[in-house]
Each structure stands twice: as structure tokens, then as C-alpha cells.
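Residue numbers (this note's numbering): 1 to 496.
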């Protein structure tokens, strides 16, 4: 048979997964391994980079062997948890320290100091990002400053660094390729998203030596070949994208105005703005959506810190039984006019508020309000936070945000038809619910397919996007706006 299958490697925050896709985007085989997270101090989150690499090899082998079609794999696509970073010895390949995860807050004081010095506007102008420990630059500097001898070794050219895609590719290719793609580079605070190159000004600001950094390639490009011992033969790596940009591709959002939201523990929403690098006035992030054939497209991105985690809280914190199904059943039993508002700011508020000190609260309780009303308000909070992001995107990119706006969704919460309809009702935009949840892995596979020549273009690859159900708003505008007004009244009350 012809070599027309694509193996996607999805290295995530809580698991590592490999999925084998055919040319039509159908999943033929899958394997996964959980990933341990370490919390050495309050606010610190780390991963074992060696454990990550071992899991990558294991799941790739298992998926290939399970399918019985390993010989038909034409290329590999890689997607990864963004911003998580590791530094390693270029000669031995050994990490100098655990990988620091995107969730880690140990460099919060550094970011606060730079903000106080008035640095953020210039940082945003060059990188499209805000000063936050979420991004990679301050993590890299911390490693160099806190691992004995690391900074001297880095300046001597003995060390390399990278996000998880970069680390895994370096290992898979036997150290032959030290490269990342433009989407991952755009999340480091070190990349000039206009010039599409590492920024000397940002490298100086964050005190990161250029010798550490990988080459930046396109999302569909030549990332070398996997060593024979991994899959039994050399297989080329032809696609790379950070997880949210890969999901944007997997949802077929390759034209300006198309937007997607992934509802997991939190939620990430991106809108494709085309070749226009929108400057956000609403504290959204400007990021690279994709770079293919040297052509860069951009996106605006907003993040919700707590989405699915709020539904978990109903069970773990309030004793609601039955998991997500039990929580949804309880929510559906609530009175329609209950007026309760839950602001699930358990770890602060994300975009457009960016308030790490905010904390959760419940408002509007009356004598006849109970668990059903609190559960319903918790689900509504996920939708209302989504509306915050949509309104910010509408303000920042009016040219890309048309009247017929549609939100394409995936992730665990999108499995619920009820929540998906509620999302449409409270945001006022139609919601397209994907029939296939692993759109991140699919997007990586599609980029690799373009890189391997299996698809003639990104547009052709995007046609592979899975079937979906479209839900239109059914709630009266008056009721929708009243719900949003209650939300906007509650949020300032929890802010720091």
C-alpha cells in the first residue's frame, strides 16, 4: 500500500498521546500514557523531560504496531503543551533540571518588576504577549540563574533549550535537529512576531543567550527523520504546531474570522486574523496562528483559567455525585430565573481581565436557591467567560469578526449538547460542535500532511476537518443581555 498515513504525536500537560490518521483524517490507532506532574513548592509545577521522551517513544510504537500499518506511515506531526521549557546539555543530552511547566508561577516577581519598570508595552509590541510567568523567557532565565554553573555553560555554548516539541524532536532525531516552529516560538516572549525571528532586544531584556535557542521553521517543514530504532525505520517529521494552533488547524480555522475554543480544564479561544497582526486593546494575546511556505497568519488568543475545572469543583467541593453527567443533570433541573452567578476565579481571572489575585465567589443566593441553581450558574460561567473573550475579539478585530460569526468548539465540555446550546444562547453566536474531540492531534497530522506533500495546501488539508453539528442561539436577546449584565456586575466584586 502507498505511504499515506500520518502519525500525530500530542505531548500534553497531563498525558502523551499518539494517533495514526489516514488521508481522510480518520483515526486508525491510538495510544496514550499519563504524565506525572511535580509540585516542589507552592506555585511551582515541573515535569520530568526524560519521562516525557520515553512516553513519546512508547505511544508512537504502540500506535504504529496496533494499526499493523507502520510501513504506510509517510510522516510524523508533533504538537505540544506550549510554554513548558527544558534546558539540556548539547553533548550528553541530559536535562540540567526538570522541565518548568507553563502553569508554573515561580517567576511572578520578575514579571511584576518588569511591569513596574514600564516594560510591558514594548514587550507586547514585539512579541504580542503580556509580561506573565506563563511564558517561557523568565523560566529559561530562572534555570540559568538557579542551576549551579548553568549560565556560564550557556554562554559557552554548551547548553540548548526548547519547548517540548523542540526537546522531543532533538531526541527523536538523535540530536541532529534543534528546531521549533513559529507558533511555539511566538509563546516564549523572545520572538519578534512581525520580523519572524528571535528578538535581540528581548534576549537582552530577559538575559537569555541566543546560543541556547533553536532554529525556527514553518509549521509544515523538514524537521529531520526519526532514528530507525524508534519505529523500525526512518520516518520524517514534517509538521509541528503548539497545541492550540494545532487545534485551530484541526477545526479548519484557516481563514480570517474563523475561531475555535477548546474546553478542557481551562479554555483557550483563538480567532484567525489572517496576515493582519492585530494589536489588542483588550489585553488579548497576539500570536502566530501558522506559518507555511514562509507566509505567516496571525491570531488573537484569550484564555479562561477555569472551565472544566469548575465542573470538577461541583463534585470535589460541593459533593455533587455522578461526575460531569451528574453535574449536568443537576444543572438542568435548576429554575430558569434563579439569578445566581458563580465566578469561578479559583486561580485568578484570565483574559481579558488578567487578574491573578481574583478569587471565586457566588452571588445572588436566595432562600429557594440550592445546588441545582449553583450548578447551572457554574456551567453558565464557562459560557459567560467565553462571551468576555468574544466581545474582546469583536472590539480588537472588527474586520475579521463578521456578523455571521461562529465558534467552533472541542474538548471535554463540548461533548455535552446541552452545554453547547447554552454556550450559543449566552454568547449570541452559533456554535459548531465537532464530532471528533482530538482536533489538536488532527491538526498536527494535517500540518505534517502538507509538509509531506500529501495535501497540496493548508486549505486542502483543512477540508479534512471532521463533521460537526451547528447550534444557533435560541434564548431571547433580553434574557441573554440580562444574564451578561449580572455577570459584568459580579466580576468586579472578586477582583484584587
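Yeah, the Cβ is synthetic: ideal placement off N, Cα and C, and Gly gets one too.
- Kindly identify the DSSP beta-bridge partner or partners of residue 46. The secondary-structure analysis by DSSP pairs residue 46 across a beta bridge with 38 and 100.
- Task: Give the secondary structure of residue 384 by DSSP, where H, G and I count as helix, E and B as strand, and everything else as coil.
- Result: Residue 384 carries a helical assignment under DSSP once its states are collapsed to helix, strand and coil.
- Task: Quick one: grab the DSSP three-state call for residue 324.
- Result: DSSP places residue 324 in the helix class (H, G or I) of the three-state scheme.
- Item | Range of the contiguous alpha helix (DSSP H) that encloses residue 229 | Residues 228-231.
- Message: Let me check understanding here. Comparing Cα to Cα, which of 343, 244, 127 and 318 lies closest to residue 371?
- Response: Ranking 343, 244, 127 and 318 by Cα distance to residue 371 puts 318 first.
- Query: Do residue 420 and residue 471 have their C-beta atoms closer together than 7 Å?
  - Reply: For residue 420 and residue 471, yes; Cβs fall inside 7 Å.
- Query: Just reading off the beta strand (DSSP E) that residue 295 is part of, what are its end residues?
  - Reply: In this chain, the beta strand (DSSP E) harbouring residue 295 covers 295-304.
- Query: Can we say the region 122-133 touches the region 201-214, given the rule of at least three CB pairs closer than 8 Å?
  - Reply: The region 122-133, when compared against the region 201-214, does touch it at the 8 Å Cβ threshold.
- For residue 260, does the count of other Cβ atoms within 10 angstroms reach 16, so buried, or fall short, so exposed? With 16 or more Cβ atoms within 10 Å of its Cβ, residue 260 is classed as buried.
- Would you give the residue range spanned by the beta strand (DSSP E) that residue 237 belongs to? Here the beta strand (DSSP E) through residue 237 covers 235-242.
- Return the chain-ordered list of same chain residues with a C-beta closer than 6 Å to the C-beta of residue 411, the five sequence neighbours on each side being excluded. 262, 263 and 264, listed in sequence order.
- Got a sec? Which residues, its chain only, sit under 6 Å from residue 346 by beta carbon, not counting five neighbours each side? Once the five neighbours on either side are set aside, the close Cβ partners of residue 346 are 306 and 360.
- Where the alpha helix (DSSP H) containing residue 521 begins and where it ends: This structure does not reach residue 521, given that the chain is present from 1 up to 496, and the question cannot be answered.
- Residue from 357, 82, 208 and 439 whose Cα sits closest to the Cα of residue 348: Each of 357, 82, 208 and 439 was checked against the Cα of residue 348, and the nearest Cα belongs to 357.
- Looking only at DSSP bridge pairs, what is residue 349 linked to? According to DSSP, residue 349 bridges with 355.
- Query: Can residue 369 and residue 341 be called in contact, C-beta distance under 7 Å?
  - Reply: Note that the C-beta distance between residue 369 and residue 341 is not below 7 Å.
- Message: Quick check on residue 421: does DSSP put it in helix, strand or coil?
- Response: DSSP, reduced to helix, strand and coil, places residue 421 within a helical segment of the structure shown.
- Item | Rounded separation between residue 480 and residue 408 - CA only | So the two alpha carbons sit approximately 20 Å from each other.
- Task: Would you mind sorting residue 497 into buried or exposed? The rule is 16 or more other CB atoms within 10 Å of its CB.
- Result: With the chain represented from 1 up to 496, any question about residue 497 goes unanswered, as that position is not in the structure.
- Item | Between the CA atoms of residue 127 and residue 276 - distance to the nearest angstrom | Distance between the alpha carbons of residue 276 and residue 127: 14 Å.
- Query: Between residue 82 and residue 251, which are expected to be in contact by the criterion C-beta below 8 Å, what is the C-beta distance as a whole number of angstroms?
  - Reply: Approximately 17 Å separates the beta-carbon atoms of residue 82 and residue 251; this is outside 8 Å, ruling out the contact.
- Query: Hey, quick one: how far does the beta strand (DSSP E) through residue 260 stretch, first residue to last?
  - Reply: Residues 259-263.
- Message: Looking at the strands, I want to know which residues DSSP matches up with residue 17.
- Response: Answer is 10 and 32, bridged to residue 17.
- Within the same chain, show all residues whose beta-carbon is closer than 6 Å to that of residue 475, passing over the 5 residues directly before and after it, in chain order. Excluding sequence positions up to five before and after residue 475, its CB lies within less than 6 Å of the CB of 425, all in the same chain and listed in chain order.
- Query: Based on Cα-Cα distance, which residue from 381, 478 and 59 lies nearest to residue 231?
  - Reply: Of the candidates 381, 478 and 59, the one whose C-alpha sits nearest the C-alpha of residue 231 is 59.
- Message: Can you tell me which residues form a DSSP beta bridge with residue 268?
- Response: According to the DSSP secondary-structure assignment, residue 268 is paired through a beta bridge with 262 and 303.
- Query: Can at least three beta-carbon pairs, one atom from the region 178-189 and one from the region 217-237, be found at a separation below 8 Å?
  - Reply: They touch, by the three-pair rule.
- Query: Going along the chain, which residues of its own chain have a beta-carbon closer than 6 Å to the beta-carbon of residue 97, five neighbours each way excluded?
  - Reply: Within the same chain, residue 97 has close Cβ partners 143 and 147.
- Nearest residue (CA-CA) to residue 39, options 48, 33, 31 and 325: Residue 48 is the option with its Cα nearest to residue 39.
- Kindly identify the DSSP beta-bridge partner or partners of residue 76. In DSSP, residue 76 forms a bridge with 7 and 237.
- Message: For the structure I just gave you, are there three or more beta carbon pairs, one from the region 232-240 and one from the region 437-457, closer than 8 Å?
- Response: Contact between the region 232-240 and the region 437-457 is present, because at least three Cβ pairs lie under 8 Å.
- In angstroms, rounded to a whole number, what distance separates the CA positions of residue 491 and residue 354? Distance from the CA atom of residue 491 to the CA atom of residue 354, rounded to whole angstroms, is 12 Å.
- Query: Exposed or buried, what is residue 178 when buried is set at 16 or more other beta-carbons lying within 10 Å of its beta-carbon?
  - Reply: By the 10 Å Cβ count, residue 178 comes out buried.
- Query: Under the rule that 16 or more other beta-carbon atoms within 10 Å means buried, what is residue 37, buried or exposed?
  - Reply: Classification of residue 37: exposed, given that the 10 Å Cβ count is below 16.
- Task: Would you kindly work out how many angstroms separate the C-alpha atoms of residue 462 and residue 44, rounded to a whole number?
- Result: C-alpha separation (whole angstroms): 38 Å.
- Query: Straight-line CA distance for residue 497 to residue 4?
  - Reply: With the chain covering 1 to 496 only, the question about residue 497 has no answer from this structure.
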